[in-house]
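Read the structure below first, then the notes.
Numbering (my numbering), first residue to last: 7 to 166.
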């Protein structure tokens, strides 16, 4: 014979359910959407690609090697500074093995005039992209992005 639940037992069970329901709901995790990509990531990638291109052009065109080396050095420094800010804002997950970073491949050009024009166009595009990003990022990041804009303008002027 099974015991019957009395009125008091049912009231206690109902009260317990009312109190437990919010606690159970609070314990469930909502699926989180991944954060949007950092706007500085595209700038860092472009800076690394420009540096790789400039290094390749320095070896291919010795007459302009000093200018291309200067561009490579400066764009490398910009890429490093941007990556540091990205890592500071959103630290990379710690894993037991480090993910291999791919070395950006530089663009090649058939002659010196095309190389200068292509590098100047790439620097101009980077300057424009950084200008747009500077208008949208918080002020503490805008200074860094502004220095990238100024650096690209100076390096573009170097080639003119």
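We put the CB at the ideal spot given by N, CA and C, even for glycine. Small disclaimer: the values here were computed from a predicted structure and weren't measured.
Reduced DSSP category for residue i - H, G, I as helix; E, B as strand; rest coil
| i | result |
| --- | --- |
| residue 4 | Because residue 4 is not part of the residues shown, which for the chain are 7 to 166, the question remains open. |
| residue 17 | helix |
| residue 46 | helix |
| residue 141 | coil |
| residue 96 | coil |
| residue 36 | coil |
| residue 67 | coil |
| residue 115 | coil |
| residue 153 | helix |
| residue 166 | coil |
Residue i versus residue j - alpha carbon distance
| i | j | result |
| --- | --- | --- |
| residue 132 | residue 30 | 51 Å |
| residue 50 | residue 120 | 24 Å |
| residue 90 | residue 96 | 10 Å |
| residue 40 | residue 85 | 24 Å |
| residue 103 | residue 24 | Caution is warranted here: a pLDDT of 47 is assigned to residue 103, below 50, making its placement in the model unreliable, and the coordinate value is therefore given only provisionally. Cα-Cα distance, rounded: 48 Å. |
| residue 106 | residue 93 | Confidence in residue 106 is poor, its pLDDT being 47 and thus under 50, which makes the residue's placement unreliable; the coordinate value appears in the next sentence. Spanning the two alpha carbons is a distance of roughly 16 Å. |
| residue 114 | residue 36 | 48 Å |
| residue 81 | residue 38 | 35 Å |
| residue 177 | residue 68 | Missing from the structure shown is residue 177; the chain here goes from 7 to 166 and no further. |
| residue 153 | residue 42 | 24 Å |
| residue 62 | residue 148 | 31 Å |
| residue 16 | residue 26 | 15 Å |
| residue 157 | residue 46 | 15 Å |
Reference residue i, options the options, closest by Cα
| i | options | result |
| --- | --- | --- |
| residue 165 | 42, 65, 10 and 127 | 127 |
| residue 44 | 160, 151 and 163 | 151 |
| residue 64 | 14, 125, 47 and 137 | 125 |
| residue 56 | 130, 156, 137 and 138 | 130 |
| residue 146 | 135, 88 and 123 | 88 |
### Query
So does the region 135-144 actually touch the region 68-77, counting three or more Cβ pairs closer than 8 Å?
Taking a cut-off of 8 Å on C-beta distances, the region 135-144 does not touch the region 68-77, as fewer than three cross pairs fall below it.
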